[in-house]
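>
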Amino acid sequence: MPQLHVAQIPVTPFQQNCALIWDAETRRGTVIDPGGDVPRILAGLDKAGFTVERILLTHGHLDHAGGAAALKRELEARQGAPVPVEGPDRRDAPLLEGLAEQGERFGIEGIESVTPDRWLEEGETIAIAGQDFLTFHCPGHTPGHLAFVSPALDFAIVGDVLFRGSVGRTDFPYGDHEALIRAIKEKLLPLGDDIRFLCGHGPGSSFGEERRSNPFLNDRG
Numbered sequence: 002m003p004q005l006h007v008a009q010i011p012v013t014p015f016q017q018n019c020a021l022i023w024d025a026e027t028r029r030g031t032v033i034d035p036g037g038d039v040p041r042i043l044a045g046l047d048k049a050g051f052t053v054e055r056i057l058l059t060h061g062h063l064d065h066a067g068g069a070a071a072l073k074r075e076l077e078a079r080q081g082a083p084v085p086v087e088g089p090d091r092r093d094a095p096l097l098e099g100l101a102e103q104g105e106r107f108g109i110e111g112i113e114s115v116t117p118d119r120w121l122e123e124g125e126t127i128a129i130a131g132q133d134f135l136t137f138h139c140p141g142h143t144p145g146h147l148a149f150v151s152p153a154l155d156f157a158i159v160g161d162v163l164f165r166g167s168v169g170r171t172d173f174p175y176g177d178h179e180a181l182i183r184a185i186k187e188k189l190l191p192l193g194d195d196i197r198f199l200c201g202h203g204p205g206s207s208f209g210e211e212r213r214s215n216p217f218l219n220d221r222g
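Under my numbering, residue 222 is the last one in the sequence shown; the count climbs by one each step, no gaps.
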């Protein structure tokens, strides 16, 4: 089995979990959801000591994607090779186009709009630290939110879809609580109780633990 290492770096005033995931043997990996505080992310990468192959976005909110453009520039200058930004689903394009404006509105410096090098769709397989992850479209928090799951590793990255004891906010003009709960119950939980996940804020959990105890996932959820 691969020796995947994971480091989480809280970024922006929203304390979003930017994740660094890399293979200990190949020293190659992925940065997921670099929302901002790019110098802090670069310092984490220096400490981890791996080559970044891609920047992966779960969705288009500023605390998840606002640092992607700047991080891409810095990494390409350092590594001397392209570092593509991939994801989310194209339905989050309006959010990514408005990132700079969102940053100004919240008074957060360094937030830039970004256009991914590649949009992703449900059913695609994406490599994270050399391992295959399945792509699932999980709308509700945003229209184009994606989750990435490796059944072989019992491991998932779910962004702001699911949290320990909670679920993503849907009180936005484009939010859809029913769609969010449906995606969790019909797409993620059936993959197995043993799958542990990283989420966008706070500590992770497992699908089984959330299926059993998350109050948003009972019959009234």
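We put the CB at the ideal spot given by N, CA and C, even for glycine.
In this text the structure is predicted, and so the values were computed from the model without any measurement.
Between which two residues does the beta strand (DSSP E) carrying Gln132 extend?
Residue 132 sits at position 131 when you count from the first residue of the sequence shown. Taken as a continuous stretch (DSSP letters only), the beta strand (DSSP E) holding Gln132 covers Gln132 to His138.
> According to DSSP, Pro11 sits in a beta bridge with which residue or residues?
For the purposes of this step, residue 11 is taken as residue 10 along the sequence shown, with counting starting at 1. In the DSSP output, where bridge partners are listed per residue, Pro11 has Asn18.
> Buried or exposed: where does Arg221 fall if 16 or more other Cβ atoms within 10 Å of its Cβ makes it buried?
Here the question's residue 221 lines up with position 220 in the sequence shown. With a pLDDT of 45 at Arg221, under the threshold of 50, the modelled position of that residue is not reliable, and the figure given next carries that caveat. Exposed, since its Cβ has fewer than 16 Cβ neighbours within 10 Å.
> Mind checking which residues open and close the beta strand (DSSP E) that includes Glu54?
Position 53 of the sequence shown, counted from the first residue, corresponds to residue 54. Boundaries of the beta strand (DSSP E) around Glu54: Thr52 to Leu57.
> Is it right to say Arg119 is buried, meaning 16 or more other beta carbons lie within 10 angstroms of its own, or is it exposed?
The residue given as residue 119 occupies position 118 in the sequence shown. With fewer than 16 Cβ atoms within 10 Å of its Cβ, Arg119 is classed as exposed.
> Please go through the same chain and pick out, in chain order, the residues whose beta-carbon is closer than 8 Å to the beta-carbon of Val7, but skip the five residues on each side of it.
One-based indexing of the sequence shown puts residue 7 at position 6. Ala20, Leu21, Ile22 and Leu199, listed in sequence order.
> Can you look up Phe156 in the DSSP assignment and give me helix, strand or coil?
Taking the sequence shown and counting its residues from 1, one reaches residue 156 at position 155. In the structure shown, Phe156 adopts extended strand secondary structure according to DSSP, grouped into three states.
> Tell me, to the nearest whole angstrom, how far the beta carbon of Ala184 is from that of Val162; I am working on the premise that it is less than 8 Å.
On the sequence shown, position 183 is the one that residue 184 refers to. On the sequence shown, position 161 is the one that residue 162 refers to. Contact flag correct, Cβ pair sits at about 7 Å.
> Going by CA-CA distance only, name the one from Asp133, Pro89, Leu72 and Glu125 that's closest to Pro144.
The residue labelled residue 144 in the question sits at position 143 within the sequence shown. Closest by alpha carbon: Pro89.
> Is Ala44 helix, strand or coil when you go by DSSP?
Within the sequence shown, residue 44 is the residue found at index 43, counting from 1. The answer is helix: DSSP assigns Ala44 an H, G or I state.
> Does DSSP classify His6 as helix, strand or coil?
Residue numbering aside, residue 6 sits at position 5 when the sequence shown is read from its first letter. Of the three classes helix, strand and coil, the one that applies to His6 here is strand, per DSSP.
> Going by alpha carbons, who is nearest to Gln80 out of Asp93, Leu58 and Arg29?
Numbered from 1 along the sequence shown, position 79 holds the residue referred to as residue 80. Nearest C-alpha to Gln80: Arg29.
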